[in-house]
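Notes follow the structure.
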Amino acid sequence: MRPFVTNSKALPGALARDSTPVKSILKPISALGKRKDTSDGFDDSSSIPPESPSKRRKVLFDDVQNVTYEVGLRTMDVVKMEVRAALEDHLRGSDGQYDMLKDLFTHDKQRYLPPIAGEEDDMLKPNELQVYVMALTSCVPILKGKECNGLVKTILKCAWLGRDAAFTKVFTHFLAALISAQGSYLGPVLSMMVEKFRDTRSEEWCVPDFPNLDRDTMRERLHASIQYLLQMFPGAVSVFENLLSAKFPFPDDSTRVHMAYIHNLLRVKDYRPDLQEDVLDLILNRVVKIDSQMQVDLEDLDDEIAASVMYALRETQRDPSSWEDDSSDVSDTESIDSGDLDYDPEAARIKTVKESVEKMDAVLDTLFTVYSPYFTNPGSDKAFDMFTTILRQFDHMVLPTYKSRHTQFLIFHFAQQHERLIDAFCGQLMHTAFQSNTPNVLKQAAAAYLASFVARGAHVPASLVRSMFALLLHHLEQYRRKYEPLCRGPDLKRFHPYYSLVQATLYIFCFRWQDLVLSAPDVVDPDDPVSYIGQDLEWAGSCRKDLSVQIFGKLNPLKVCAPVIVDEFAKLAHRLNFIYIYPLVESNKRVRLTQFLSSTYSTGGALRDAGFEEQSEAYHQLDPYFPFDPYQLPVSKRWLVGDYVLWKSLPGLNDEEDEDSDDADEEDADDEEIEERTATDSGRDDSE
Numbered sequence: 020m021r022p023f024v025t026n027s028k029a030l031p032g033a034l035a036r037d038s039t040p041v042k043s044i045l046k047p048i049s050a051l052g053k054r055k056d057t058s059d060g061f062d063d064s065s066s067i068p069p070e071s072p073s074k075r076r077k078v079l080f081d082d083v084q085n086v087t088y089e090v091g092l093r094t095m096d097v098v099k100m101e102v103r104a105a106l107e108d109h110l111r112g113s114d115g116q117y118d119m120l121k122d123l124f125t126h127d128k129q130r131y132l133p134p135i136a137g138e139e140d141d142m143l144k145p146n147e148l149q150v151y152v153m154a155l156t157s158c159v160p161i162l163k164g165k166e167c168n169g170l171v172k173t174i175l176k177c178a179w180l181g182r183d184a185a186f187t188k189v190f191t192h193f194l195a196a197l198i199s200a201q202g203s204y205l206g207p208v209l210s211m212m213v214e215k216f217r218d219t220r221s222e223e224w225c226v227p228d229f230p231n232l233d234r235d236t237m238r239e240r241l242h243a244s245i246q247y248l249l250q251m252f253p254g255a256v257s258v259f260e261n262l263l264s265a266k267f268p269f270p271d272d273s274t275r276v277h278m279a280y281i282h283n284l285l286r287v288k289d290y291r292p293d294l295q296e297d298v299l300d301l302i303l304n305r306v307v308k309i310d311s312q313m314q315v316d317l318e319d320l321d322d323e324i325a326a327s328v329m330y331a332l333r334e335t336q337r338d339p340s341s342w343e344d345d346s347s348d349v350s351d352t353e354s355i356d357s358g359d360l361d362y363d364p365e366a367a368r369i370k371t372v373k374e375s376v377e378k379m380d381a382v383l384d385t386l387f388t389v390y391s392p393y394f395t396n397p398g399s400d401k402a403f404d405m406f407t408t409i410l411r412q413f414d415h416m417v418l419p420t421y422k423s424r425h426t427q428f429l430i431f432h433f434a435q436q437h438e439r440l441i442d443a444f445c446g447q448l449m450h451t452a453f454q455s456n457t458p459n460v461l462k463q464a465a466a467a468y469l470a471s472f473v474a475r476g477a478h479v480p481a482s483l484v485r486s487m488f489a490l491l492l493h494h495l496e497q498y499r500r501k502y503e504p505l506c507r508g509p510d511l512k513r514f515h516p517y518y519s520l521v522q523a524t525l526y527i528f529c530f531r532w533q534d535l536v537l538s539a540p541d542v543v544d545p546d547d548p549v550s551y552i553g554q555d556l557e558w559a560g561s562c563r564k565d566l567s568v569q570i571f572g573k574l575n576p577l578k579v580c581a582p583v584i585v586d587e588f589a590k591l592a593h594r595l596n597f598i599y600i601y602p603l604v605e606s607n608k609r610v611r612l613t614q615f616l617s618s619t620y621s622t623g624g625a626l627r628d629a630g631f632e633e634q635s636e637a638y639h640q641l642d643p644y645f646p647f648d649p650y651q652l653p654v655s656k657r658w659l660v661g662d663y664v665l666w667k668s669l670p671g672l673n674d675e676e677d678e679d680s681d682d683a684d685e686e687d688a689d690d691e692e693i694e695e696r697t698a699t700d701s702g703r704d705d706s707e
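For the sequence shown, my numbering begins at 20 and goes up steadily by one.
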């Protein structure tokens, strides 16, 4: 190979005769090409004259580890002259050496092959690329011009994490120098780093001729470099934060990619505590979106298919530590092409839903793991501060999302760790449910969450159940006095907050009626709910009278509340001698809600509106939505053991139905129950 010939001035300083220069890899070529594209996608200012040779750097300092790298003067001077000449020639329109310099970084993962005897060695040796990075660092004033954007883009794509630790440090200094010289490179540099959050396979970062690097070591290097740049450039934090959101995997990306990205996000909060809440908000926001979409997909599937999906997931439970393994990336290895002759749309939908459920399970299990250490002492200020963050996330992201099914169990679990946290959660829900300027949809959601938490929370004390029940009745009475003078019949649209609270009250009664009993005859066994049936019970305060006033009032809430909840309440209230409401339930069957629509009032028309069909009645009733019904995800379910009250129907409560269904029960006795039941599944237990 011919020696490298430079057209630039020789750098000052005599070269030692006994030193061995690094052989030039940039071979001159006869025909020099012209520049093809000087910008390559980066916006920058016009080119800046090259740095004076007298300003060269003799020693490279590693500010991260306080390690000094001393390089032989002749070796570095020769490489610097070589690189500077290539850059200066490029500025003058001669791209031969410049293109060769780009090739060094384009083929940086090419394995080194020693030359055959008698032939010239023209390949880059494994450790020589580091010398060129150091030389380029000294030429940053030239690189910052837009004419060299192509080279910069190529350098940023090199496999800098898979080499040795020394290369990583040198490369990090190059990035810092580049940003310092030209601020417009800050975005591309940080973007390149954040994109590596998705990497989990060694071939994505490892380099031939260097020892294989495990995933944890790669990430330690990556985050050490990010931390260094954020410390060097405080203004980079906002750019970095925006990139964390912009680069987050798409919902249809694999579980492997999602978990890799999330684990890297969680590392960020360790060295940037100021970004902790932003990182946690970002993760939870994406979880809520996956959760709501997953519920829509499950509802679109037939019940049998949805049950099969859940059964398959339970049968293939995985170790949480394996979420990032290659085997978890089903979408990469078993993709289904809609153009294939054997393409089955139903199978594709099932596969998509299964992946979504698994992804949801993995992310929530990780979040439970992240939050748990803060609640080692649940009564401490540390626990309360973290719970405040969880409560804020719930209020802004989970509560407004109607179809959320599992994300809310984060706050369900951690709120029950201490009475102080229970009070904070219930207080926030009460505030939302009764605040006058809150939209009706949020009021209904808050009432549903409050009722579901009080009813389902196994660690919610009986005293709080009685207090919340009495408070709900108090607010119901205020609503009743306000709305009854305006009421001509049940109307969900006009009196939405009132009906939401009534349904919440009935739901709490169905689950926690034993906590509302102050005293009972001696024959009653507190551990045997059946022993309460038919007994003369003393109920807390005036709850029986207060609830009767609401039920039999002009607003007629039983017609608007979800029928499945009304039916269950009617059975319990009757057998416990609480309230007898069957006559009202029967008479309501002859009432049509469409005849009381508020639109008729404004026009002065008749109460009955024949424009609505009979099947539209359900549209004017509340949904039986209570968000803390049993948790279904197979792996993360372990965090909620003992957290919620299971629904158990009372034996003999539904005598007639039990007799009719004896045969069917015998047939299903051997089938495993895939989906746990809720209070809205009349006569069935969660534990079945």
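The beta carbon of each residue, even a glycine, is placed where N, CA and C say it ideally should be.
Cβ shell of residue i (< 7 Å), same chain only, five flanking positions each side left out
i       : result
Thr-219 : Arg-234, Arg-275, Ala-279 and Glu-343
Ser-655 : Asp-380, Leu-383, Asp-384 and Phe-387
Gln-569 : Leu-495, Arg-499, Val-521 and Pro-576
Gln-149 : Ala-185, Phe-186 and Val-189
Straight-line gap, residue i to residue j (C-alpha atoms, nearest Å)
i       : j       : result
Leu-262 : Ser-423 : 26 Å
Tyr-717 : Asp-400 : In this structure the chain extends from 20 to 707, so residue 717 is not present and cannot be described.
Asn-231 : Gly-181 : 8 Å
Gln-314 : Asp-183 : 47 Å
Lys-163 : Lys-121 : 16 Å
Leu-709 : Ser-311 : Nothing about residue 709 can be reported from this structure: the residues present for the chain run from 20 to 707 only.
Lys-373 : Val-307 : 17 Å
Ser-363 : Ala-489 : Going by the sequence as given, residue 363 is Asp instead of Ser. Going by the C-alpha atoms only, they are around 55 Å apart.
Ser-157 : Leu-248 : 18 Å
Arg-657 : Phe-252 : 43 Å
Gln-554 : Thr-613 : 40 Å
Val-583 : Asn-304 : 32 Å
Gln-522 : Ala-581 : 8 Å
Leu-713 : Val-479 : In the structure as shown, the chain starts at 20 and stops at 707, and residue 713 therefore has no counterpart that could be examined.
Ala-592 : Leu-566 : 11 Å
His-515 : Met-237 : 55 Å
Ile-600 : His-432 : 35 Å
Lys-176 : Leu-284 : 21 Å
Leu-641 : Val-208 : 52 Å
Lys-370 : Pro-643 : 29 Å
Lys-378 : Leu-448 : 29 Å
Glu-214 : Gly-254 : 20 Å
Close-in-space but distant-in-sequence residues of the same chain around residue i (CB under 8 Å, 5 per side omitted)
i       : result
Ala-477 : Gln-435, Gly-661, Asp-662, Tyr-663 and Val-664
Ala-178 : Asp-127, Lys-128, Trp-224, Cys-225 and Val-226
Glu-260 : Leu-294 and Asp-297
Thr-457 : Thr-451 and Ala-465
Same chain only: Cβ atoms within 6 Å of residue i, ignoring 5 sequence neighbours per side
i       : result
Pro-145 : Tyr-131 and Asp-228
Leu-170 : Lys-121
Ile-552 : Arg-594
His-109 : Tyr-117
Met-212 : Ile-245
Rounded Cβ spacing between residue i and residue j (contact assumed at less than 8 Å)
i       : j       : result
Val-328 : Val-376 : 7 Å
Thr-191 : Ser-244 : 4 Å
Leu-733 : Ala-465 : Nothing about residue 733 can be read from this structure; the chain reaches only from 20 to 707.
Leu-511 : Val-579 : 5 Å
Ala-402 : His-437 : 7 Å
Arg-485 : Leu-556 : Going by Cβ atoms, the distance from Arg-485 to Leu-556 rounds to 14 Å, so no, they are not a contact pair.
Val-258 : Leu-205 : 6 Å
Leu-123 : Ile-161 : 17 Å between Cβ atoms; not a contact.
Ser-264 : Leu-301 : 6 Å
Val-97  : Tyr-151 : Contact doesn't hold; Cβ gap of about 11 Å is too wide.
Note to self: Closer than 8 Å is the cut-off here; do at least three beta carbon pairs connect the region 637–651 with the region 466–483?
What the structure shows: Touching, yes, given that three or more Cβ pairs across the two stretches are closer than 8 Å.
Next item on the list: Say whether the region 546–562 touches the region 496–506, bearing in mind that this needs 3 or more beta-carbon pairs closer than 8 Å, one atom from each stretch.
Entry: No: fewer than three Cβ pairs fall under 8 Å.
Checklist line | Segment contact flag, the region 434–451 with the region 402–418, C-beta cutoff 8 Å, min 3 pairs | finding: Result yes; three or more Cβ-Cβ pairs closer than 8 Å.
Item checked: Meets three-Cβ-pair contact criterion under 8 Å: the region 650–660 and the region 528–537 -> Judged by Cβ distances under 8 Å, the region 650–660 makes no contact with the region 528–537, as fewer than three pairs qualify.
Checklist line | alpha helix (DSSP H) segments (min. 4 residues) lying fully within the region 455–493 | finding: Taking only runs of at least 4 residues, the alpha helix (DSSP H) segments lying wholly in the region 455–493 are 459–475.
Margin query: Quick check on the DSSP output: what are the complete alpha helix (DSSP H) runs of length 4 or more inside the region 568–622, in order along the chain?
Written below: Complete alpha helix (DSSP H) runs here, min 4: 576–579, 582–594, 601–607 and 618–622.
Next item on the list: Any chance you could list the alpha helix (DSSP H) runs of at least 4 consecutive residues sitting entirely within the region 348–434, in chain order?
Entry: Along the length of the region 348–434, whole alpha helix (DSSP H) runs at least 4 residues long occupy 349–352, 364–390, 400–412 and 428–434, reported in chain order.
Next item on the list: Entirely within the region 242–295 and at least 4 residues each: give me those alpha helix (DSSP H) ranges in chain order.
Entry: DSSP runs (the alpha helix (DSSP H)) wholly in the region 242–295: 255–265 and 274–290.
Checklist line | Uninterrupted alpha helix (DSSP H) stretches inside the region 500–580 (no shorter than 4 residues) | finding: Uninterrupted alpha helix (DSSP H) stretches at least 4 residues long and entirely within the region 500–580 occur at 515–531, 562–570 and 576–579, given in chain order.
Check: Which full runs of the alpha helix (DSSP H) of 4+ residues lie inside the region 167–250, going along the chain?
Finding: Here the runs fully enclosed are 168–175, 184–200 and 205–214.
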